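Some notes on the structure that comes next.
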Amino acid sequence: MTANDYLDCFPPALVVIPCGSRKLGRRARAADLYVGSYHRACRRAADALRPDRLLILSARYGLLDLDDVIDPYDTPHGAADAITAQALLKQATVRDIVLLDPVVALGGARHVDLVRTIWPHAHTPRAGTRGMGEQMARLAVLRKGHEQQLM
Numbered sequence: 001m002t003a004n005d006y007l008d009c010f011p012p013a014l015v016v017i018p019c020g021s022r023k024l025g026r027r028a029r030a031a032d033l034y035v036g037s038y039h040r041a042c043r044r045a046a047d048a049l050r051p052d053r054l055l056i057l058s059a060r061y062g063l064l065d066l067d068d069v070i071d072p073y074d075t076p077h078g079a080a081d082a083i084t085a086q087a088l089l090k091q092a093t094v095r096d097i098v099l100l101d102p103v104v105a106l107g108g109a110r111h112v113d114l115v116r117t118i119w120p121h122a123h124t125p126r127a128g129t130r131g132m133g134e135q136m137a138r139l140a141v142l143r144k145g146h147e148q149q150l151m
């Protein structure tokens, strides 16, 4: 059994998915703002896991609920005006979600590194993938596997 096999036993208390560089050109709910195929694949996989809570980790705004309304932006993770680990911890503390477990992070290395500053125990089903094609395939397998469990 691997660390990520734990996902087959218990629904996550929290799934954190990445934002995306492709966005609508207008103010919108976080659930609708990100339109890229990678973000959408992460969202579908996260939905299939049926978490108690799903948040988007925005490079600019930090932790977002799906209904948070925000303006589009052009800030990648790691940029000077991007969310910091310290600001992220403050947001998680205010939301009273620091002690949640299990937590799943469905994103790239920068995303996972930030998530793990708050939840070092976070499960990362995409770990070890090489390239976007393999990452998208892993997300599809995760989604399909959990959708089949619900049938």
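Using the numbering used here, the first residue of the sequence shown is number 1, and each one after it goes up by one.
Glycine included, C-beta positions come from ideal geometry on N, C-alpha and C.
These figures come from a predicted structure and were not determined experimentally.
For residue i, collect the residues of the same chain with a Cβ closer than 6 Å to its Cβ; drop the 5 residues on either side in sequence, then sort them by chain order.
i	result
Arg60	Tyr73, Thr75
Val103	Leu14, Trp119, Ala122
Met136	Ala41
Leu33	Lys23, Leu24
Leu142	Ala45, Pro125
Val16	Leu55, Leu57, Ala105, Val115
His39	Gly20
Leu150	Confidence in Leu150 is poor, its pLDDT being 39 and thus under 50, which makes the residue's placement unreliable; the coordinate value appears in the next sentence. Counting only Cβ-Cβ distances below 6 Å, and skipping sequence neighbours, we find nothing.
Start and end of the beta strand (DSSP E) containing residue i?
i	result
Ala46	Note, Ala46: premise wrong, no beta strand (DSSP E); alpha helix (DSSP H) at 37-49.
Leu63	62-64
Leu24	Taken as a continuous stretch (DSSP letters only), Leu24 belongs to no beta strand (DSSP E), as it is neither H nor E.
Closest to residue i by CA distance: which of the options is it?
i	options	result
Leu14	Ala80, Ala85, Arg130, Arg43	Arg43
Leu139	Asp32, Asp47, Ala28	Asp47
Arg95	Asp65, Ile70, Ser21, Ala82	Asp65
Asp81	Ser58, Ala105, Gly20, Arg53	Ser58
Ile70	Val35, Asp113, Thr84, Arg29	Arg29
Ser37	Ala85, Ser21, Leu100, Asp52	Ser21
Thr84	Pro11, Arg26, Asp113	Asp113
Leaving aside the five residues before and after residue i along the sequence, list all residues of the same chain whose C-beta is less than 7 Å from its C-beta, in chain order.
i	result
Glu108	Correcting the residue identity first, residue 108 is Gly in this sequence and not Glu. Once the five neighbours on either side are set aside, the close Cβ partners of Gly108 are Pro18.
Gly78	Arg110
Asp101	Ala13, His121
Less than 8 Å between the CB atoms is what I'm expecting for residue i and residue j, so what's the real figure, rounded?
i	j	result
Leu55	Leu49	Wrong, their Cβ atoms sit about 13 Å apart, outside the cutoff.
Ala31	Asp67	7 Å
Take residue i and list the residues in its own chain whose beta-carbon comes closer than 8 Å to its own, dropping the five residues that flank it on each side.
i	result
Leu89	Val98, Thr117, Ile118
Met132	Tyr38
Val35	Gly20, Arg22, Lys23, Leu24
First and last residue of the alpha helix (DSSP H) that includes residue i?
i	result
Ala31	30-33
Leu99	Neither: Leu99 is in no alpha helix (DSSP H) and is coded neither H nor E.
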